[in-house]
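Structure first, then comments.
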Amino acid sequence: MFNVKFPTSIIFTQNSTEALNLIIKGILRKGDHVISTAIEHNSVIRPLIELVKNKITELEFVDCDQYGFINQQKVLDKISDNTKLVVINHGSNITGIVQLGFLIFYWQSLILLLVQD
57 MFNVKFPTSI IFTQNSTEAL NLIIKGILRK GDHVISTAIE HNSVIRPLIE
107 LVKNKITELE FVDCDQYGFI NQQKVLDKIS DNTKLVVINH GSNITGIVQL
157 GFLIFYWQSL ILLLVQD
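To convert, count from 1 in the sequence shown and add 56; that's our numbering.
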């Protein structure tokens with residue numbers, strides 16, 4: 057149905073918030089660096105802030121431009137040796153902007169995980 061090699065690697069959740077929390081809290085470990093945007097949904101911001109408060113992860117935000125778009129180069133400039141996760145919403149509930157899909161293809165070549173909700 058999903059055309060995947062290992063169907064057991066698919067996880068169904070009740071909603072996006074649960075899925076994002078599983079990813080964020082399940083992947084990140086002490087010392088990991090995360091990049092996200094200033095226009096993320098609370099289901100991303102809250103668990104990331106919690107990990108920072110508990111001194112588990114480092115977090116950097118990338119601002120959007122005047123139209124609500126994220127500049128790819130600004131994100132790439134923030135990537136460091138301990139960057140484990142980049143979280144960028146695909147369609148913003150704040151601005152209504154849909155981020156450009158080419159971001160996914162570029163980051164797939166890097167050794168980190170991109171979550172685009």
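Note that CB positions come from ideal geometry on N, CA and C, so glycine has one too.
Beta-bridge pairing of residue i - partner residues as DSSP gives them
i, result
"residue 88", "113"
"residue 93", "118"
"residue 132", "BP columns for residue 132 are empty, so no partner."
"residue 147", "154"
"residue 126", "120"
Separation of residue j from residue i, as counted between CA atoms
i, j, result
"residue 67", "residue 103", "19 Å"
"residue 116", "residue 139", "10 Å"
"residue 79", "residue 105", "15 Å"
"residue 61", "residue 86", "31 Å"
"residue 58", "residue 64", "11 Å"
"residue 156", "residue 112", "30 Å"
"residue 73", "residue 97", "9 Å"
"residue 128", "residue 70", "31 Å"
"residue 114", "residue 83", "14 Å"
Whole-angstrom C-beta distance between residue j and residue i, which should lie under 8 Å
i, j, result
"residue 100", "residue 143", "5 Å"
Tell me, please, whether the region 84 to 100 touches the region 125 to 136 by the rule of three or more beta-carbon pairs shorter than 8 Å. Segments in contact, yes.
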